[in-house]
Amino acid sequence: MTTPPINEEATEGKVFNVVGQDWDEVVAAAAAGGEERLVVNMGPQHPSTHGVLRLVLTLDGETVTEARVGIGYLHTGIEKNMEFRTWTQGTTFCTRMDYLMPIFNETAYCLAVEKLLGVTDRIPERANVIRVMMMELNRIASHLVATATFGLELGATTVMLNGFNARERILDVFEMVTGLRMNMAYVRPGGVAQDLPPGTVDKIRELLKEMPDQFTRLRKLMDEHPVFTARTKDVAYLDLTGCMALGITGPMIKAAGLPWDLRKTQPYCGYENYEFDVPVTDTCDVYGRYRVRMAECEESLKIIEQCLDRLTPGPVMIEDKKIGWPAQLALGPDGMGNSPDHIAHIMGTSMEALIHHFKLVTEGFRVPAGQAYAPVESAKGELGCHAVSDGGTRPYRVHFRDPSFTHLQAVAAMCEGGQVADVIAAVASIDPVLGGVDR
Amino acid sequence: MSETPENPGPEETPENLPAERGAERMSEHVKRTGMFGAQSSGDTSGYGGLQVRHAAPVSSPRPYGGYFDEVADELERTIPDFGDAVERIVVDRGEITFHVRRERLLDVVRRLRDEPGLRFELCTGVSGVHYPSDAGRELHAVYHFVSLTHNRRVRVEVSAPDADPTVPSIVSIYPTNDWHERETWDFFGIVFTGHPALTRIEMPDDWHGHPQRKDYPLGGIPVEYRGATVPPPDQRRSYA
Chain A
3 MTTPPINEEA
13 TEGKVFNVVG
23 QDWDEVVAAA
33 AAGGEERLVV
43 NMGPQHPSTH
53 GVLRLVLTLD
63 GETVTEARVG
73 IGYLHTGIEK
83 NMEFRTWTQG
93 TTFCTRMDYL
103 MPIFNETAYC
113 LAVEKLLGVT
123 DRIPERANVI
133 RVMMMELNRI
143 ASHLVATATF
153 GLELGATTVM
163 LNGFNARERI
173 LDVFEMVTGL
183 RMNMAYVRPG
193 GVAQDLPPGT
203 VDKIRELLKE
213 MPDQFTRLRK
223 LMDEHPVFTA
233 RTKDVAYLDL
243 TGCMALGITG
253 PMIKAAGLPW
263 DLRKTQPYCG
273 YENYEFDVPV
283 TDTCDVYGRY
293 RVRMAECEES
303 LKIIEQCLDR
313 LTPGPVMIED
323 KKIGWPAQLA
333 LGPDGMGNSP
343 DHIAHIMGTS
353 MEALIHHFKL
363 VTEGFRVPAG
373 QAYAPVESAK
383 GELGCHAVSD
393 GGTRPYRVHF
403 RDPSFTHLQA
413 VAAMCEGGQV
423 ADVIAAVASI
433 DPVLGGVDR
Chain B
690 MSETPENPGP
700 EETPENLPAE
710 RGAERMSEHV
720 KRTGMFGAQS
730 SGDTSGYGGL
740 QVRHAAPVSS
750 PRPYGGYFDE
760 VADELERTIP
770 DFGDAVERIV
780 VDRGEITFHV
790 RRERLLDVVR
800 RLRDEPGLRF
810 ELCTGVSGVH
820 YPSDAGRELH
830 AVYHFVSLTH
840 NRRVRVEVSA
850 PDADPTVPSI
860 VSIYPTNDWH
870 ERETWDFFGI
880 VFTGHPALTR
890 IEMPDDWHGH
900 PQRKDYPLGG
910 IPVEYRGATV
920 PPPDQRRSYA
């Protein structure tokens with residue numbers, strides 16, 4: 003070996019460092035060792051582990067006898083950081099957790115804060131409709147990335163390109179509405195940061211026309227593809243009992259045959275007013291999870307269409323001036339920024355408005371002491387936010403129950419006894435995002 | 690009338706007077722002093738002497754409303770010494786919290802899962818909260834349970850003192866709590882006794898301390914400008 007083994011005292015047996023283009027040497031040396039059992043570290047830097055996920059696989063030939071998961075490589079202390087910022091600033095942190103579904107992170111957090119404030123019923127109708135619309139757009143975007151990377155990890159570059167291309171259309175809408183493609187901090191306690199800019203509805207209607215074709219294109223590549231079905235059908239089996247024991251929700255539990263969807267069972271943000279179906283299959287395998295995700299995308303289109311019809315003019319932030327963010331944004335020649343009208347108002351005409359603005363922006367609003375738990379049906383499953391207040395202007399403690407974190411525990415149950423190649427399909431079918439896992 | 694301040698009538702003796710509002714809080718520890726959070730400047734407003742005390746722990750009176758009564762009744766029926774296992778029941782903001790004595794956690798949780806009238810099949814993990822000023826009950830572990838059968842949610846809260854930070858592990862009942870308990874151990878130092886492999890999960894294996902505890906030192910950031918430092922967040926200027 004060119005690279006000397008490291009940490010030899012911490013291991014048993016011979017250690018190989020695979021650095022690329024040295025496969026023949028590694029295989030020859032492993033064969034010479036005569037050892038049947040092989041422990042392989044897959045990741046944390048591996049293209050098919052969806053980020054910095056480390057899998058420690060014990061192999062007997064091609065069979066995985068033990069699969070262990072190492073996480074924590076992307077821990078950034080988001081929950082702790084939030085304790086030193088105001089309640090409003092919290093959205094800017096939590097949006098970065100699971101970076102493929104920022105709107106869900108923000109909404110779960112804001113619903114918890116609003117529950118603590120006791121203002122859940124006073125959120126304007128328009129804000130709720132916008133939240134639902136953005137969440138459903140985000141669900142499609144997240145599922146498209148899940149499917150795209152899934153295809154790539156199974157060796158289908160075309161799937162990846164088509165999936166990311168379709169997702170780009172949604173990110174364009176996000177950029178138009180919020181100014182950012184990801185990590186938007188758009189949903190705020192009390193409503194949303196700003197109203198939809200002119201032309202948004204037309205753009206989304208255009209998107210609704212275009213998306214079914216994009217889905218069909220992906221489905222044509224995968225639904226009946228012999229290689230794809232061979233790699234996914236009856237792979238990584240996890241039935242309902244396993245799902246319950248391991249706390250699994252979202253597309254994985256729907257693929258195990260249970261139509262458990264918080265949008266239907268415990269509606270929030272007015273989901274009870276929308277017509278849509280919860281897709282289920284009972285295959286309990288990777289293929290079923292893929293089919294559920296694609297079907298969910300199609301259902302999301304229905305919800306978005308209903309959102310557009312329900313959009314009526316009105317405020318997008320709670321009327322309560324003690325909570326509602328005072329600053330207004332406007333699109334200037336150099337992008338989104340402070341609204342000149344609002345600046346003129348507070349700097350030129352009203353000292354009280356300036357004081358109010360200053361107090362609310364620097365100090366923030368106080369939240370009555372207590373705790374609340376707000377769950378949402380995110381693209382990946384139940385995303386819960388447990389927020390604790392001590393009565394101050396900052397969260398005392400915020401904890402997120404991230405679905406990816408919980409679901410990764412199922413890797414051992416799904417992979418042990420299977421083939422190495424199935425580990426890739428199994429992890430991809432969980433659709434973990436390490437930003438959310440490690441927070 | 691012969692009633693003078695020195696000689697109060699029978700209706701004004703202390704036991705006959707109405708309770709002073711908030712008097713029950715006077716034995717609680719002080720949460721905050723002063724009004725504006727200004728410690729260093731000369732606050733001459735007189736508000737600097739204010740003391741805000743924590744609210745005394747209360748139990749919610751019956752009826753709790755909604756399905757909460759059914760859950761509480763069912764739990765009370767299945768646990769013989771209910772009053773010993775569950776210290777308090779708090780209904781707040783549309784959520785019910787059972788404050789359970791840690792010694793009885795396994796028993797309560799097992800019944801939550803198995804009793805047909807309860808059937809909380811899904812646990813959505815445990816989250817730690819550190820209250821350094823709550824003497825003898827500094828560390829709290831908060832569990833959320835979902836019943837898919839009945840479409841209900843409950844919260845279970847247990848506490849442990851800093852001196853003996855142990856809480857029984859419920860991994861044997863809810864395997865999903867494996868990583869959640871490891872995370873809570875990692876961040877709060879709560880030892881979940883009976884956990885199959887309680888090791889750090891987010892922080893490196895050789896890390897010292899438990900970062901999400903309130904007494905964890907945060908440290909500042911040295912800046913390469915004339916020896917300046919950015920102070921740790923809890924020592925920065927704040928408005929509240």
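Protein chains in written order, with the working numbering: chain A, 3 to 441; chain B, 690 to 929. We put the beta carbon where it would ideally sit given N, CA and C, even for glycine.
Query raised in the report: Could one say the Cβ of residue 250 of chain A lies closer than 9 angstroms to chain B's Cβ atoms, at least one of them?
Result: yes
Query - CB contact check: residue 73 of chain A to chain B, cutoff 9 angstroms - result: Yes, because at least one Cβ of chain B sits closer than 9 angstroms to the Cβ of residue 73 of chain A.
Query raised in the report: What are the start and end residues of the alpha helix (DSSP H) that includes residue 131 of chain A?
Result: Residue range 127–155 is occupied by the alpha helix (DSSP H) that includes residue 131 of chain A.
**Report entry** Residues that residue 901 of chain B contacts on chain A, provided the C-beta gap is smaller than 7 angstroms
**Finding:** 81 and 82
Requested in this report: Examine chain B for any beta-carbon lying closer than 9 angstroms to the beta-carbon of residue 274 of chain A, and answer yes or no.
Outcome: no
Report task. Decide if the region 233–251 of chain A is in contact with the region 798–809 of chain B; the criterion is three or more beta carbon pairs, one per stretch, under 8 angstroms apart. Result -> no
Query raised in the report: So which residues of chain A does residue 865 of chain B contact, with C-beta pairs closer than 7 angstroms?
Result: 247, 248, 249, 408 and 411
Query raised in the report: From this set, A:108, A:406 and A:39, which residue's C-alpha is nearest residue 148 of chain A's C-alpha?
Result: Selection A:108, A:406 and A:39 evaluated against residue 148 of chain A yields A:406 as nearest (Cα-Cα).
**Report entry** At least 3 beta-carbon pairs within less than 8 angstroms: the region 309–326 of chain A vs the region 278–295 of chain A
**Finding:** No contact exists between the region 309–326 of chain A and the region 278–295 of chain A.
Query raised in the report: According to a CB-to-CB cut-off of less than 9 angstroms, which residues of the region 381–399 of chain A neighbour chain B?
Result: 384, 386, 388, 390, 392, 393, 394, 395, 396, 398 and 399
Report task. With a 10 Å radius around its C-beta and 16 neighbouring C-beta atoms as the bar for buried, classify residue 241 of chain A as buried or exposed. Result -> exposed
Report task. Kindly list, in the order they appear in chain B, the residues whose Cβ is closer than 8 angstroms to that of residue 77 of chain A. Result -> The contact set of residue 77 of chain A on chain B, defined by CB atoms closer than 8 angstroms, consists of 891 and 892 in chain order.
**Report entry** Contact with chain B by residue 109 of chain A, beta-carbon distance below 9 angstroms
**Finding:** no
Report task. Output the distance between the C-alpha atoms of residue 101 of chain A and residue 136 of chain A, rounded to the nearest integer angstrom. Result -> 15 angstroms
Report task. Quick one: give me the first and last residue of the alpha helix (DSSP H) that residue 250 of chain A is part of. Result -> Run containing residue 250 of chain A: none; DSSP gives neither H nor E here.
Query - Closer than 9 angstroms at the beta carbon, the chain A residues around residue 874 of chain B - result: Going along chain A, no residue has its Cβ under 9 angstroms from residue 874 of chain B, so there is no contact; the nearest lies around 13 angstroms.
Report task. Flag residue 169 of chain A as yes if its beta-carbon sits less than 9 angstroms from any beta-carbon of chain B, otherwise no. Result -> No, no contact with chain B.
**Report entry** For residue 910 of chain B: DSSP bridge partner residues
**Finding:** Residue pairing from DSSP places residue 910 of chain B in a beta bridge opposite B:919.
Query - Own chain partners of residue 83 of chain A with C-beta closer than 8 angstroms, once the 5 adjacent residues on each side are dropped - result: 95
Query raised in the report: Between residue 373 of chain A and chain B, is there a C-beta pair that is closer than 9 angstroms?
Result: yes
Requested in this report: Quick one: using the 10 Å Cβ neighbour count with 16 as the cut-off for buried, is residue 822 of chain B buried or exposed?
Outcome: exposed
Requested in this report: Please list the partners that residue 754 of chain B has in chain A, where partner means a Cβ-to-Cβ separation under 8 angstroms.
Outcome: Residues of chain A passing the Cβ test: none, with the nearest at roughly 15 angstroms.
Query raised in the report: Can you pull the DSSP bridge partners for residue 60 of chain A?
Result: A:41 and A:68
Requested in this report: Please work out which residues of its chain come closer than 6 angstroms, Cβ to Cβ, to residue 52 of chain A, disregarding the five sequence neighbours upstream and downstream, and give them in chain order.
Outcome: So the list reads 434, once near-sequence residues are dropped.
Requested in this report: Answer with yes or no whether the minimum CB distance from residue 922 of chain B to chain A is below 9 angstroms.
Outcome: yes
Query - Residues bridged to residue 374 of chain A (per DSSP) - result: A:389
Query - Minimum Cβ-Cβ distance from residue 141 of chain A to chain B less than 9 angstroms - result: no
Report task. Select from the region 429–441 of chain A all residues with a C-beta closer than 7 angstroms to any C-beta belonging to chain B, and list them in chain order. Result -> 440
**Report entry** residue 402 of chain A (DSSP reduced to helix, strand or coil)
**Finding:** Residue 402 of chain A: strand per DSSP, three-state reduction.
Query raised in the report: By how many angstroms is the C-alpha of residue 150 of chain A removed from the C-alpha of residue 20 of chain A?
Result: 28 angstroms
**Report entry** Nearest-angstrom Cβ-Cβ length linking residue 371 of chain A and residue 391 of chain A, presumed shorter than 8 angstroms
**Finding:** Your pair residue 371 of chain A and residue 391 of chain A checks out as a contact, with CB atoms roughly 5 angstroms apart and the cut at 8 angstroms.
Query raised in the report: Name the chain A residues that come within less than 8 angstroms of residue 816 of chain B, Cβ to Cβ?
Result: Going along chain A in sequence order, the residues near residue 816 of chain B (Cβ under 8 angstroms) are 388, 399, 401 and 403.
Requested in this report: Check distances from the C-beta atoms of the region 115–132 of chain A to those of chain B and list, in chain order, the residues that come in under 8 angstroms.
Outcome: 117, 118 and 120
Query raised in the report: Any beta-carbon of chain A closer than 9 angstroms to the one on residue 882 of chain B?
Result: no
Query raised in the report: Looking at C-beta atoms only, is the number of pairs between the region 118–132 of chain A and the region 205–213 of chain A that lie closer than 8 angstroms three or more?
Result: no
**Report entry** Cβ of residue 831 of chain B within 9 angstroms of any chain A Cβ
**Finding:** yes
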